[in-house]
Amino acid sequence: MVELDFLLRFPIHVNVKTPVDFLTDTAWGGIKALSAMEEFHNLDRDIEGSAKRWKKFAESECPEKEKFPQEWKNKTSLQKLCMMRALRPDRMTYAVTNFVEEKLGSKYVTSRQVEFAKSFEETGPATPVFFILSAGVDPLKDVEALGHKLGFTFDNGNFHNVSLGQGQEPRSCGLTYRMPARETVAGVAVRR
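Numbering of the sequence shown is given in this note's numbering, commencing with residue 982 and proceeding in unit increments.
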C-alpha cells in the first residue's frame, strides 16, 4: 500500500524549491513525491496552476474540515490524509482523528469520562490508583470533588495533596504509610 507508506514515512524529493509562497521546500518535496504516484498525477501542476485555491486551503485554520480544491476533493480518505501530510503536517492529529471517526466511529475518538466513584469502590488501602496522563490533563479537581462528597477534605485532614519536588518524597512516603484504614484517610495525591 503505497499511500500508507507515504503517510507513515513521508518520503520526499530533496533539493527542490517550492514555486509557491505558501509551502515550504519540504512540503513541496512531499507534493513532488505524491505526484509521482498514479493517484496523485499532476497534483504538483495543479497546485502551481491554481495557487490561489490551494493557498486558501493550505492557510485555512482547520484545513482538515475543508474540502480539497477541484477534483482532489473526490479522493479517498487515506489519499486526503496523504495530501494533508504534505501540505499541513501540523494538522495531522486532527485529520487522523477525523479519519478514525469516519472509518471506525466516534467511540474511538471521544475520551470517556473516568468514573472516580467506581474506581474508588474498587480500591483499598493497599490498592493505589495511578493516573497516566496526557499533557494538560489534571484529574485533581475531580478527585477532590469525590473526596469532598465522601467527607475527605484537606480541612478535615484526611486528604492530602503532595507535589513531588525538592524534599517532598519523605513527606509523601510518610503520609502514605500513615494511612491505617480507608475510614480515616481518603488518600494522598502525589503529583509531579
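Idealized CB from N, CA, C, for every residue including glycine.
Q) In this structure, does DSSP put GLY1086 in helix, strand or coil? A) coil
Q: Compute the beta-carbon to beta-carbon distance between GLU1045 and TYR1075, rounded to the nearest angstrom, for a pair I have assumed lies under 8 Å.
A: 5 Å
(Q) With three or more beta-carbon pairs closer than 8 Å as the criterion, would you say the segment 1062 to 1072 touches the segment 1027 to 1045? (A) yes
Q. Ordered along the chain, which non-local residues of its own chain (more than five positions away) have a Cβ less than 8 Å from that of THR1165?
A. Low confidence applies to THR1165: its pLDDT is 46, below 50, so where it sits in the model is not reliable, and the reading given next is rough at best. Here the set comprises ASN1139.
Q. Hey, out of SER1115, GLU1083, PHE1021 and PHE1101, whose CA is closest to SER1092's CA?
A. Ranked by how close their Cα comes to the Cα of SER1092, the residues SER1115, GLU1083, PHE1021 and PHE1101 have SER1115 in first place.
Q. What does GLY1105 pair with, by DSSP beta-bridge criteria?
A. THR1108
Q. Does the beta-carbon of LYS1033 have 16 or more other beta-carbons within 10 angstroms, so that it is buried, or is it exposed?
A. Sixteen is the threshold: since fewer than 16 other Cβ atoms of the shown chains lie within 10 Å of the Cβ of LYS1033, the residue is exposed.
Q) By Cβ distance, which residues of its chain are closer than 8 Å to GLN1060, with the 5 residues on each side in sequence left out? A) Exclusion of the five residues before and after GLN1060 leaves GLU984, GLU1020 and PHE1021 as the residues of its chain whose Cβ lies within less than 8 Å of its Cβ.
Q: Note down the Cα distance separating MET1018 from LEU1024, rounded to an integer number of angstroms.
A: Rounded to whole angstroms, MET1018 to LEU1024 spans 10 Å at the Cα level.
Q: Please confirm whether ALA1014 and ILE1028 have their CB atoms less than 7 Å apart.
A: no
Q.
I'd like the list of long-range same chain contacts for MET1065, defined as Cβ closer than 6 Å, with 5 residues on each side in sequence excluded.
A. ALA1076
Q.
Between the alpha carbons of THR999 and PHE991, how many angstroms are there, rounded?
A. 17 Å
**Q.** Residues near LYS1130 by beta carbon distance below 6 Å, same chain, minus five either side
**A.** If we look at LYS1130 and ignore the five residues flanking it on each side, it has no Cβ neighbours.
Q: Please list, in chain order, all residues of the same chain as SER1058 whose beta carbon is under 8 Å from its beta carbon, the five residues on each side excluded.
A: Same-chain partners within the cutoff: PHE1080, GLU1083 and LYS1084.
**Q.** Spatial neighbours of GLY1010 in its chain, beta-carbon cut-off 7 Å, leaving aside the 5 residues before and after
**A.** ILE993, HIS994, VAL995 and VAL997
Q | Close Cβ partners of ALA1067 (< 7 Å) along its chain, the five nearest in sequence each way excluded | A | ALA1008, GLY1011, ILE1012 and LEU1015
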